[in-house]
């Protein structure tokens, strides 16, 4: 980082001039927001005082794909269709370190569903080569604005099959097995 500072140019401390200096900031991967990086006595000089400290405070820049969640977790959000929410789908994510993750979602995705991928978040600054936060996947379900009668009937039939399967198991007494059923 290049800074400009006032420094004395003579031994009698009477003449101040503006000088440039390059400070090297040691950023570690995953550095926390609001981290203070201090350069002692690298600021402006004054006649009867020691030079001031130069202080930089880190902040996160917005990212196109991820949002920082907590200190080291990353949040990934994706829109999905109702069909994908009910039937499953594949998520492809390009990570910050250039890898491509392919994650199969086979669960039924509800509006509050989250999938946590451990150790795929930001590195922990204290040990960046070993520990990482988590990657949290959240989904927004795009519901159709219109369904035809045929589509509604297909949904009703699909849910009717589920209800009939549950009724079969309700009729059985505890510990018995319906030998005619296919499992």
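Numbering (UniProt numbering), first residue to last: 1 to 183.
Ideal placement from N, C-alpha and C gives every residue a C-beta, glycine not left out.
Predicted, not measured: the structure shown is a model, and the values here were computed from it.
Alpha carbon of residue i to alpha carbon of residue j, nearest angstrom
i: residue 119; j: residue 17; result: 51 Å
i: residue 94; j: residue 67; result: 14 Å
i: residue 183; j: residue 71; result: A caution first: residue 183 carries a pLDDT of 47, below 50, which makes its placement in the model unreliable, though a value can still be read off. So the alpha carbons of these two residues sit roughly 47 Å apart.
i: residue 6; j: residue 73; result: 42 Å
i: residue 113; j: residue 4; result: 51 Å
i: residue 25; j: residue 134; result: 27 Å
i: residue 98; j: residue 59; result: 22 Å
i: residue 160; j: residue 154; result: 10 Å
i: residue 110; j: residue 82; result: 10 Å
i: residue 203; j: residue 139; result: This structure cannot settle anything about residue 203, because the visible part of the chain is limited to 1 through 183.
i: residue 126; j: residue 85; result: 38 Å
i: residue 32; j: residue 20; result: 28 Å
i: residue 115; j: residue 36; result: 33 Å
Check whether residue i and residue j have beta carbons under 8 Å apart
i: residue 141; j: residue 76; result: no
i: residue 22; j: residue 38; result: no
i: residue 30; j: residue 144; result: no
i: residue 88; j: residue 105; result: yes
Candidates the options: closest to residue i by CA position
i: residue 80; options: 69, 55, 100, 108; result: 108
i: residue 42; options: 35, 51, 34, 36; result: 51
i: residue 184; options: 151, 34, 45, 91; result: No information on residue 184 is available, as it lies outside the stretch 1 to 183 that the chain covers here.
i: residue 102; options: 111, 90, 159, 115; result: 90
i: residue 45; options: 32, 14, 132; result: 14
i: residue 49; options: 8, 157, 152; result: 8
i: residue 65; options: 53, 57, 92, 47; result: 92
i: residue 63; options: 96, 131, 150; result: 96
i: residue 69; options: 132, 53, 40; result: 132
Residues bridged to residue i [DSSP beta-bridge criterion]
i: residue 66; result: 76
i: residue 123; result: 132
i: residue 90; result: 104
i: residue 142; result: 81
i: residue 41; result: According to DSSP, residue 41 bridges with nothing at all.
i: residue 59; result: According to DSSP, residue 59 bridges with nothing at all.
i: residue 5; result: 19
i: residue 137; result: 76, 115
Residue i in three-state terms, based on DSSP
i: residue 156; result: helix
i: residue 21; result: strand
i: residue 161; result: helix
i: residue 84; result: helix
i: residue 49; result: strand
i: residue 149; result: helix
i: residue 28; result: coil
i: residue 15; result: coil
i: residue 109; result: coil
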